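Note sheet for the following structure.
Number of protein chains: 2
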Amino acid sequence: MTSDEIRSAIFHMGEQARAASRVLTTLSANQKNEILLAMADAVLAREKEILEANALDMAAAVEVGLSSAMQDRLRLDPQRVAAMAQGIREVADLHDPVGEVLREWTRPNGIRLQKKRTPIGVIGIIFESRPNVTADAAVLCFKTGNATILRGGKEAIHSNRAIAAALQEGGATKGLPENSIQLIPFTDRESVRYLCEMDKYLDVLIPRGGAGLIETVVSMARMPVIKHYDGICHVYVDRSADLDMAVSIVVNSKVQKPSVCNALETLLVDRQIAETFIPRVAEALTEKNVELRGDEIFRSLAGVDTKPAEESDWRTEYLDYILSVKSVDGVGEAIDHINHYGSHHTDTIVASDSTTAERFLLEVDSACVFWNASTRFADGGEFGFGAEIGISTDKLHARGPMGLEELCSYKYLIYGDGQLRGVSYEPPCTP
Amino acid sequence: MTSDEIRSAIFHMGEQARAASRVLTTLSANQKNEILLAMADAVLAREKEILEANALDMAAAVEVGLSSAMQDRLRLDPQRVAAMAQGIREVADLHDPVGEVLREWTRPNGIRLQKKRTPIGVIGIIFESRPNVTADAAVLCFKTGNATILRGGKEAIHSNRAIAAALQEGGATKGLPENSIQLIPFTDRESVRYLCEMDKYLDVLIPRGGAGLIETVVSMARMPVIKHYDGICHVYVDRSADLDMAVSIVVNSKVQKPSVCNALETLLVDRQIAETFIPRVAEALTEKNVELRGDEIFRSLAGVDTKPAEESDWRTEYLDYILSVKSVDGVGEAIDHINHYGSHHTDTIVASDSTTAERFLLEVDSACVFWNASTRFADGGEFGFGAEIGISTDKLHARGPMGLEELCSYKYLIYGDGQLRGVSYEPPCTP
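Residue numbers (this note's numbering), protein chains in the order written: chain V, 837 to 1267; chain U, 837 to 1267.
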């Protein structure tokens, strides 16, 4: 395809998605849920087609020598297809936030105002190798009345096409509006560029993938982008901590699932308890096969094998059995370190002194700040949100676990009986 | 200044603003209000310096031949300085949304969660000729605990410097943290580019000015941008309307203050009432010296002097005594026209049939949708928000009148007593 052909195909999809979003606004929660259940049925019914398509992607992956981790992300099997269908059913069961009245009030002139939750409109999702994102993302966006344009990685194109077809055709049997869910059917890289330029039709772009993908989208996009950057998560163990609790929170935060964004990456230890705490925590972590990279004080007290931490370690999301450790002079230095080196994702203080803990909660500039609990709870499911589309490291619109409510916008509905504006007041929108 | 010098100056201001934002997080509402009152006092006390600085800008404006409208926007006098100080006092009186608990709940494992309102962090404001924006924007951002970097137009640079100095030095007497409010002291155009690149330090950019400025910022910015685009506002008069009410709402929406973004620009008339309504509304508008540009049906029934409307009229924000008028085949066509040609700002239906009105309220995709009231009420003051920084035409984070709450972010504070994550659940942040 030429660049012009790609552009024109993408913009045509945008126009169609905008039209679909108008129809989606009018669907009731029940209608949407029936459609979702039909989508889940279709995914199960088409297991064979989906697995055959996935086999094509897997064969290509072997041919180009994709890493085994990448191959594992790409692979579908009957269990994974069943989990995909089950995930859709669970979304159908969730409360529909669209139409909720967020606030309602009446002005002295008798005008009644409602601030009401609405769909956003059209959402673009750009993602990498995991084909299940096709279903997860499309279904969450549909539940909230949004049209979606999906752009998956080229490694998963056959799987993505088969899953999208199941959602579209399954949904259509129960009235899914045409073009509500569109997958870009080709894999040319330029499609990302044209999506980023299409602010006329896309209300928001959500890149789901590594820092490289997010960077690319941020630098090109004309519309809002919701970013899910790294989780460089910290645990700070204060002088007032219960040290048994501290050891267990550190170990759980690090090793319960090291490959995810809410896993611990840097441990900060109050120097006042360094002598007692460091040997204990170092032993516990070493037992779990965690490689330790520490500052001088940590290394001198650890009593186990450690490596020196470099400046770059404080900025690294290992996603592995590696932990950097630094001693700090109390909660103030801990806060400064976290705000400087962290990724504003998730951080924990272990402390029994409430003044210290409240200071940490107030001053650490992160989406999720914990007192005496594992960082691993920073998660939409654990928060009780049901499904999540990711954990936002942005501060606007969505911060932290991003569930159905964060896939919504709002508008003001204003009810009058002929009110006219009588006094002169100048809104600042006209400079 | 060389481009490198400008870049380095802007990034230095960014670093300082980030440091200031850390301190701002710790101020109480009372401390902030005392600082605001000291700022208001300083603006009044420095009236002479501010007017002298403004005289320099006015002299330059005459020299370069700025239009009289532009000169009027630029001009300060004792009344305008007093109004600026009064505006600051009114912001001090507003409720401080920072620290509000938006939601609080406990999970089955005993973890307690709070979703709490916080400052955003560092806000960049790029504005054009009106120097009072320096005070208005800085003060709203400060009230909500945000640091600001202001970049005003070069025509107002002397006035802006004098006002910023009053805010900074007045605030400092009551403990305004250093660098909380910074004005870029030079006017090189490249400063806009470097602000747009500085996502490391700026959490959001708010351009306050015409479509050209917003376009420039949108195309360059790496951080979220909150846009206040045009208001192409509609009134649709349905067959079920009370026609007296309809005439008065149309006239008020158009002429009560035509130069602002919530003024009416296009009138849509249900064909079923065209014969009775059009002559009446045309006469009333003509009496108010409104130029009318209409479709065939309107022109044939108006009974007064009209011009033909072109396609481009449906996309034009006149901000003047001009109105385009189109006849439509009921509420469905009205909704389609508004969603296609409008700017998603503010639209009104005049109707007595509630099914028709509810459909309009649901399907019109605009920030403010009115039933039986003037479009001129789309305004933070009229909504009861106190001051507003503008009317957002975005759908993410802030939509419609943008007051103090929309200058805030939120974070999750999570209180545990040693909880560990035991079950395996995979957050989708790791693709």
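Quick reminder that beta carbons are idealized off the backbone N, C-alpha and C, glycines included. Keep in mind the model is a prediction, meaning the values are calculated, not measured.
The three-state reading of DSSP puts residue 940 of chain V in strand, counting E and B together.
In the structure shown, residue 1129 of chain V adopts extended strand secondary structure according to DSSP, grouped into three states. Around residue 870 of chain U, the same chain offers 1010 as residues with beta carbons nearer than 7 Å, after the five sequence neighbours per side are excluded.
Taking a contact as a CB-CB distance under 8 Å, the pair residue 971 of chain V and residue 1073 of chain V does not count as one, their CB atoms being some 41 Å apart. In the three-state reduction of the DSSP assignment, residue 1062 of chain V falls in the coil class, being assigned neither a helical nor a strand state. According to the DSSP secondary-structure assignment, residue 1258 of chain V is paired through a beta bridge with no residue. The region 849-862 of chain V and the region 971-990 of chain V touch, with no fewer than 3 CB-CB distances between them shorter than 8 Å.
Beta bridge pairing from DSSP links residue 1185 of chain U with U/1072, U/1207. A direct Cα-to-Cα measurement between residue 963 of chain V and residue 884 of chain V gives close to 24 Å.
For residue 931 of chain V, none of the residues of chain U pass the 7 Å Cβ criterion, the least Cβ distance being about 14 Å.
Interface residue (Cβ-Cβ distance to chain V less than 8 Å): residue 990 of chain U is not classified as such. Between residue 1142 of chain U and residue 1151 of chain U, the gap from beta carbon to beta carbon reaches 8 Å or more. For residue 1163 of chain U, the enclosing beta strand (DSSP E) covers residues 1158-1164. With a cutoff of 8 Å on beta-carbon distance, residue 1236 of chain V and residue 1214 of chain V are scored as near each other. Think of a sphere of 9 Å around the beta carbon of residue 1020 of chain V: no beta carbon from chain U falls inside it, the nearest being about 17 Å out.
DSSP places residue 1217 of chain U in the helix class (H, G or I) of the three-state scheme. For residue 895 of chain U, the enclosing alpha helix (DSSP H) stretches over residues 883-900.
Just so you know, the alpha carbons of residue 941 of chain U and residue 1247 of chain U end up roughly 14 Å apart. For residue 1244 of chain U, the secondary structure class from DSSP, reduced to helix, strand or coil, is strand. Any Cβ of chain V closer than 8 Å to the Cβ of residue 1235 of chain U would place that residue at the interface, and such an atom is present. In this structure residue 1207 of chain U is not in contact with residue 1254 of chain V, their Cβ atoms being roughly 10 Å apart against a cut-off of 8 Å.
Not a single C-beta of chain V is nearer than 8 Å to the C-beta of residue 899 of chain U. Under DSSP, residue 1251 of chain V forms a beta bridge with V/948, U/1207.
In the same chain as residue 922 of chain U, and ignoring 5 residues on each side of it, the C-beta atoms closer than 8 Å to its own belong to 876, in chain order. Between the region 1110-1117 of chain V and the region 1134-1148 of chain V there are three or more inter-stretch CB-CB distances shorter than 8 Å, so the stretches are counted as touching.
Beta-bridge pairing by DSSP links residue 1237 of chain U to U/1227. With its beta carbon less than 8 Å from one in chain U, residue 1208 of chain V belongs to the interface.
Sequence-ordered contacts of the region 1175-1199 of chain U with chain V read 1175, 1197, 1198, 1199 [C-beta pairs closer than 8 Å].
Contact between residue 1231 of chain V and residue 956 of chain U holds: their C-beta atoms lie close to 5 Å from each other, under 8 Å.
Residue 1066 of chain V and residue 1179 of chain V do touch by the CB rule: their CB atoms are close to 5 Å apart, below 8 Å. By the CB criterion at 8 Å, residue 1083 of chain U and residue 1124 of chain U fall outside the cutoff. Beyond the five residues adjoining it in sequence on each side, residue 1049 of chain V comes within less than 6 Å, by CB distance, of 1043 in the same chain, given in chain order. Near chain U, meaning a CB-to-CB distance below 8 Å, the residues of the region 1129-1160 of chain V are 1155. The contact set of residue 1036 of chain V on chain U, defined by CB atoms closer than 7 Å, is empty, because the minimum CB distance reaches about 12 Å.
Taking a cut-off of 8 Å on C-beta distances, the region 1097-1113 of chain U touches the region 1156-1171 of chain U, as three or more cross pairs fall below it.
In this structure residue 993 of chain V is in contact with residue 893 of chain V, their Cβ atoms being roughly 7 Å apart against a cut-off of 8 Å.
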